[in-house]
Amino acid sequence: MSIVYFVDGFVPEAAAQIPITTHALHYGTSVFEGIRAYGDGTRSALFRPLEHYERFLRNAAWLEMKPRWTAAELTGLTVELLRRNAFFDDRYVRPFLFKTSRTIGAGLPEGESLAIVAVPMARGPLPRPGVTATWSRWRRFPAAACPAGAKIAGLYVNSSLARGDAVSRGFDQPILLDISGRVAEGYGANLFAVFGSHVTTPPADCDILPGITRDSLLQYVTSQADLSVAIEAITPDRLLEADEVFLCGTGMEIVPIASIEGRPIGSGDGQARIAERAARWYRDIVTGDGPAPDDWLVPVTPAT
Ligand code: PMP
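Numbering (the working numbering), first residue to last: 364 to 667.
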């Protein structure tokens with residue numbers, strides 16, 4: 364059984380229990396993150412944990428939470444969690460801050476607790492096989508209804524519905540449009556489209572969650588002399604004309620879309636060349652095999 368961080372310290376997972384009246388359970392009043400560590404079994408590194416925890420703290424503010432940790436301190440707790448468990452392999456870390464109030468009724472009652480749990484998550488194959496996609500029957504919720512860029516648990520019903528709908532109709536992935544019908548993103552990943560050597564991804568005002576993987580890939584593409592890049596709105600018709608479409612996110616990594624509604628993307632030969640190039644760059648960065656910008660990797664090693 365693993366050790367988790369729960370409320371005030373590290374405890375065995377079985378001891379991390381919440382009362383059934385906990386506010387977050389009823390109203391989704393929790394913020395969370397998904398952070399990846401890549402390792403070889405003897406040492407690993409967390410990928411951009413500071414940016415994840417900075418987003419976590421920004422999101423906590425939407426729910427009027429007042430966490431007592433800085434992003435650096437939360438990163439330190441995460442390193443400690445992996446160390447205590449001797450997890451030096453590929454892991455997915457899920458921190459969350461949840462409203463602990465036991466009052467029934469929506470609202471933003473005071474009081475929250477922190478939990479951090481790490482589960483195994485193996486890296487995906489390279490090259491990655493393409494997946495099938497469908498236009499989701501569910502639109503992305505607009506920023507006028509709730510903070511569209513925030514990882515707030517309750518908002519993920521939108522993602523659950525979209526993914527459930529796509530899978531029940533026989534597709535791997537939904538593509539969600541924003542409320543005005545422009546391409547937004549996947550159910551838990553951002554979307555890129557490639558037109559020749561031009562790489563593009565929708566802007567924040569298409570109600571996406573601006574991901575850290577998206578940001579990393581934007582930095583990569585910008586550094587490539589043979590590619591141009593722009594953040595721009597994409598219509599569904601235009602997306603169907605792309606040479607490549609791919610999804611990216613911490614959990615998903617970089618996944619090419621082979622077809623949308625059964626219509627092949629690009630040449631139809633299943634080759635996503637720029638997606639594959641970006642995926643190899645990303646893999647080298649997260650595993651420490653390529654030069655990562657300062658602060659992107661936080662090492663996790665056995666305590667000395
Ligand atoms: N969009 C949504 C809705 C997500 O849940 C995620 C995963 N956090 C992403 C995009 C990708 O974000 P990141 O690259 O930071 O994991």
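The beta carbon of each residue, even a glycine, is placed where N, CA and C say it ideally should be.
Is it buried or exposed, Q536, if we count other Cβ atoms within 10 angstroms and call 16 or more buried?
Under this definition Q536 is a buried residue.
According to DSSP, is N448 part of a helix, a strand, or is it coil?
Residue state, collapsed to three classes: coil.
By the 10 Å Cβ neighbour count, where 16 or more other Cβ atoms means buried, how is R500 classified, buried or exposed?
Counting other Cβ atoms within 10 Å of its Cβ, R500 stays below 16 and is therefore classed as exposed.
Could you have a look at F504 and say whether DSSP puts it in helix, strand or coil?
coil
Got a sec: does ligand 1 put a non-hydrogen atom nearer than 7 Å to the Cβ of K462?
no
Rounded to the nearest angstrom, what separates P505 and F558 at their Cα positions?
27 Å
Please identify the residue among T598, A621 and E616 whose C-alpha is closest to the C-alpha of V358.
Only positions 364 to 667 of the chain appear in the structure, and residue 358 is not among them; the question remains open.
Could you tell me which residues DSSP puts in a beta bridge with R626?
I623
May I have the straight-line CA-CA distance separating P665 from F534, to the nearest angstrom?
Rounded to whole angstroms, the separation of the alpha carbons of F534 and P665 is 42 Å.
Classify P492 as buried or exposed, calling it buried when 16 or more other Cβ atoms lie within 10 Å of its own Cβ.
The residue in question, P492, is exposed, as its Cβ has fewer than 16 Cβ neighbours within 10 Å.
Around the C-beta of E436, are 16 or more other C-beta atoms found within 10 angstroms, so that it is buried, or is it exposed?
Exposed is the call here.
Within a Cβ cutoff of 6 Å, which residues of the same chain sit near V649, ignoring the five residues on either side of it in sequence?
Y401 and F410
Is any heavy atom of ligand 1 found at a distance shorter than 7 Å from the C-beta of R646?
no
Spatial neighbours of R446 within its chain, please: C-beta separation below 6 Å, excluding the five flanking residues on both sides.
A666
Leaving out five residues on either side along the sequence, give the residues of the same chain with a beta carbon under 7 Å from the beta carbon of E639.
P490
So what's I515 in DSSP terms, helix, strand or just coil?
strand
Who pairs with R457 in a beta bridge, going by DSSP?
Answer by DSSP bridge pairing, in chain order: V480.
Does the count of Cβ pairs from the stretch 478–490 and the stretch 415–429 closer than 8 Å reach three?
no
Comparing C-alpha positions only, which one of A478, R406 and S522 sits nearest to A378?
A478
Cβ-heavy atom distance between G487 and ligand 1 below 7 Å?
no
Along the chain, where does the beta strand (DSSP E) containing E548 start, and where does it finish?
V546 to E548
Let me make sure I understand the geometry here. Which of Q587, Y519 and I575 has the alpha-carbon closest to that of I617?
I575
To the nearest angstrom, report how far apart Q587 and T495 are at their CA atoms.
28 Å
Under 8 Å between the Cβ atoms of R457 and G397?
yes
Using 8 Å as the threshold, is the C-beta distance between V367 and V480 below it?
In this structure, the beta-carbon distance from V367 to V480 falls below 8 Å.
Taking 8 Å as the limit between beta carbons, can you name the residues of its chain near S476, skipping five residues before and five after?
Scanning its chain for C-beta atoms nearer than 8 Å, with the 5 sequence neighbours on each side dropped, one finds around S476 the residues F369, V370, L460, F461 and T463, in chain order.
Comparing the CB of N553 with every heavy atom of ligand 1, is any distance shorter than 7 Å?
For N553, the CB falls within less than 7 Å of some heavy atom of ligand 1.
With a cut-off of 8 Å on the beta carbons, I'd call A605 and A556 a contact; round off their distance for me.
4 Å
Our contact map puts D541 next to R502 with C-beta atoms below 8 Å; I'd like the distance itself, whole angstroms only.
7 Å
Just confirm the distance between the C-beta atoms of G512 and A552, as a whole number of angstroms; I'd bet it's less than 8 Å.
Between G512 and A552 a beta carbon distance of about 14 Å is seen, past the 8 Å cut, so the two are scored as non-contacting.
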